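Everything below concerns the one structure shown next.
Pasting the structure below:
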């Protein structure tokens, strides 16, 4: 164990020294070239290490994954579109796609709404209370999906009949005269998936609150004063004056949450292991690759996921451009 | 003189009450975990955790669960493993990202816009999309050269560092764009080289952004399951161990709670101590 720590420390020192040396060397090499060439290649030299790393670990593998999606289980023989045909004719996979659709349709909207609500409320109560309330809502952002799953067990857990309830949800249901349920097994109306979504909304609201709150603070005071003078009440103030001015941030939070939710994986793994109709694309990839050792199918699934994210990628790039042109 | 009602209105009673309600709902799950971690096996199995809150003095509080998970389940070893995975994964990408961001921000070159658009695009690509070929590649390297990057720390460092680059470059460039351009131009006129400007001006001025990224990345790696599961399976990290514990809930929920508690401590400390930086990192990198 001490050896592990020493190895880690040594690697940090070596890593820093090596990367320092690398850039120093690159800069020296550039300096050896004639002036007019230096101008052209200096930036590229500074970008080179990042570009190499990104190519090796992200860009080239992305293309390879796309290629593998047309190959068989072992990833060695061409099978054309077979993987895709198999997936799209498999009711179970269609159910997975439907789950992803539900996640995307529900979670971002609720996360943004909850963030807006908390941000608006905390903006009214003065700095001390604002800080405390925000910290507590934001806290789940710092913990892992696996930890979140363990935390929510103490809400969702069900016990065999006759045992005392130790899950809060069932205790509440019983107290209200209802019948205890095995929540994670409830596939009707995808109730179990909806309960998983609650966890992510719980996790992500802090993020949405923080961004929206800082946008609200950026709304010019004059616009609010002017509306007040004209006799607007606080509801009108919010809908007509504040919301339109922070709309860009709201949309950006929405899209960011959407992307997070598209890739959702850990929470499904930890809560249900993908059983009882709760699987999603991110989890199904894990299932096919690590448990079924099916390279072709796993690659096809993750290619579909990536293709679904591409339009969002386009929106993000556009948002970045807009933000920059405002500067 | 303010009347009583004016004071009441200034106090924002309605908003405060509503917020207290929301915060209570938000905190209930975490409280359940914290309470259960300190209960004995019997009481955790035989009564709801909320009953312990109703009668805190009549409980047989216990730290037995912590003993169990730290020694029997080697949560302590996992804690060390997680630190050894997380710290280098946080430190190593910083310089690489900083140089790239510097080039993107201050140096004119052909294709700058396109390259940067690629970086932004890579931020949102699911990392699962790269995993199969990377794993195969590392296996091939092992077969041909005997160097194994799988199963131990370096593989995870490499992956985390590389996957962090797009976000790091994005955050740092956003920040560097706010630095005074005139200062850099003045340094150029005084004859400073681009390399000197990077070390003497840009890096020192970018410390807040570097800190934001470092905290963001540290928490990200600390909380990661997938990369650790694939690349450091011989040195299980805490998320991995916690998932196992969750599978053994038959041994008692107090163990699950205690294990989770141990894995939460560091993120919570980092979060409450450095919240300002974390929030800034989040705001700056809100595209991921």
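Chains as they are written, first to last, in my numbering: chain A, 1 to 327; chain B, 328 to 615. Where is the CB? At the ideal position from N, CA and C, for every residue including glycine. Small disclaimer: the values here were computed from a predicted structure and weren't measured.
Does residue i come within less than 8 Å of chain B when only Cβ atoms are used?
i	result
residue 344 of chain A	Outside the displayed span of chain A (1 to 327) sits residue 344 of chain A, for which this structure offers no information.
residue 152 of chain A	yes
residue 174 of chain A	no
residue 330 of chain A	An answer regarding residue 330 of chain A cannot be provided, because it is not within the stretch 1 to 327 covered by chain A.
residue 327 of chain A	Caution applies to residue 327 of chain A, whose pLDDT of 49 falls short of 50 and renders its modelled position unreliable; the value that the coordinates give is listed next. True, the Cβ-Cβ gap to chain B drops below 8 Å.
residue 263 of chain A	yes
residue 257 of chain A	no
residue 266 of chain A	yes
residue 311 of chain A	no
residue 101 of chain A	no
residue 139 of chain A	yes
residue 129 of chain A	yes
residue 279 of chain A	no
residue 306 of chain A	yes
For residue i, which three-state DSSP category applies?
i	result
residue 388 of chain B	coil
residue 71 of chain A	strand
residue 339 of chain B	coil
residue 316 of chain A	helix
Work out the CA separation of residue j and residue i for me, nearest whole Å.
i	j	result
residue 69 of chain A	residue 297 of chain A	7 Å
residue 75 of chain A	residue 106 of chain A	36 Å
residue 142 of chain A	residue 598 of chain B	6 Å
residue 272 of chain A	residue 180 of chain A	19 Å
residue 440 of chain B	residue 120 of chain A	37 Å
residue 376 of chain B	residue 584 of chain B	11 Å
residue 255 of chain A	residue 279 of chain A	22 Å
residue 1 of chain A	residue 477 of chain B	19 Å
residue 73 of chain A	residue 90 of chain A	17 Å
residue 214 of chain A	residue 225 of chain A	19 Å
residue 445 of chain B	residue 92 of chain A	34 Å
residue 136 of chain A	residue 354 of chain B	7 Å
residue 64 of chain A	residue 15 of chain A	29 Å
residue 594 of chain B	residue 546 of chain B	6 Å
residue 523 of chain B	residue 426 of chain B	12 Å
residue 576 of chain B	residue 471 of chain B	43 Å
residue 108 of chain A	residue 586 of chain B	30 Å
Mark residue i as exposed unless 16 or more other C-beta atoms lie within 10 angstroms of its C-beta, in which case mark it buried.
i	result
residue 614 of chain B	Note that residue 614 of chain B has pLDDT 48, beneath the 50 cutoff, so the model's placement of it is unreliable and the number below is only indicative. That one is buried.
residue 430 of chain B	buried
residue 42 of chain A	buried
residue 46 of chain A	buried
residue 266 of chain A	buried
residue 363 of chain B	buried
residue 503 of chain B	buried
residue 403 of chain B	exposed
residue 288 of chain A	buried
residue 497 of chain B	buried
residue 501 of chain B	buried
residue 234 of chain A	exposed
residue 262 of chain A	buried
residue 247 of chain A	exposed
residue 122 of chain A	buried
residue 183 of chain A	buried
Determine, using beta carbons only, whether residue i comes closer than 8 Å to chain A.
i	result
residue 365 of chain B	no
residue 284 of chain B	Since the first residue of chain B shown is 328 and the last is 615, residue 284 of chain B is not available in this structure.
residue 592 of chain B	no
residue 597 of chain B	yes
residue 614 of chain B	Note that residue 614 of chain B has pLDDT 48, beneath the 50 cutoff, so the model's placement of it is unreliable and no number is given.
residue 436 of chain B	yes
residue 469 of chain B	no
residue 404 of chain B	yes
residue 455 of chain B	yes
residue 312 of chain B	Residue 312 of chain B is absent from the model: chain B starts at 328 and stops at 615.
residue 407 of chain B	yes
Along chain D, which residues have their Cβ under 7 Å away from the Cβ of residue i?
i	result
residue 486 of chain B	Absent here is chain D; the protein component of the structure consists of chains A and B.
Can you round the beta-carbon distance between residue i and residue j to whole angstroms, since I take them to be within the 8 Å contact cut?
i	j	result
residue 144 of chain A	residue 566 of chain B	5 Å
residue 374 of chain B	residue 164 of chain A	6 Å
residue 579 of chain B	residue 372 of chain B	6 Å
residue 306 of chain A	residue 453 of chain B	6 Å
residue 569 of chain B	residue 539 of chain B	27 Å between Cβ atoms; not a contact.
residue 328 of chain A	residue 250 of chain A	Look at the range of chain A in this structure, 1 to 327, and you will see that residue 328 of chain A is not part of it.
residue 600 of chain B	residue 544 of chain B	Between residue 544 of chain B and residue 600 of chain B the Cβ distance is about 16 Å, and since that is not below 8 Å, they are no contact.
residue 166 of chain A	residue 356 of chain B	With 8 Å as the limit, residue 166 of chain A and residue 356 of chain B do not qualify as a contact, their Cβ atoms being about 14 Å apart.
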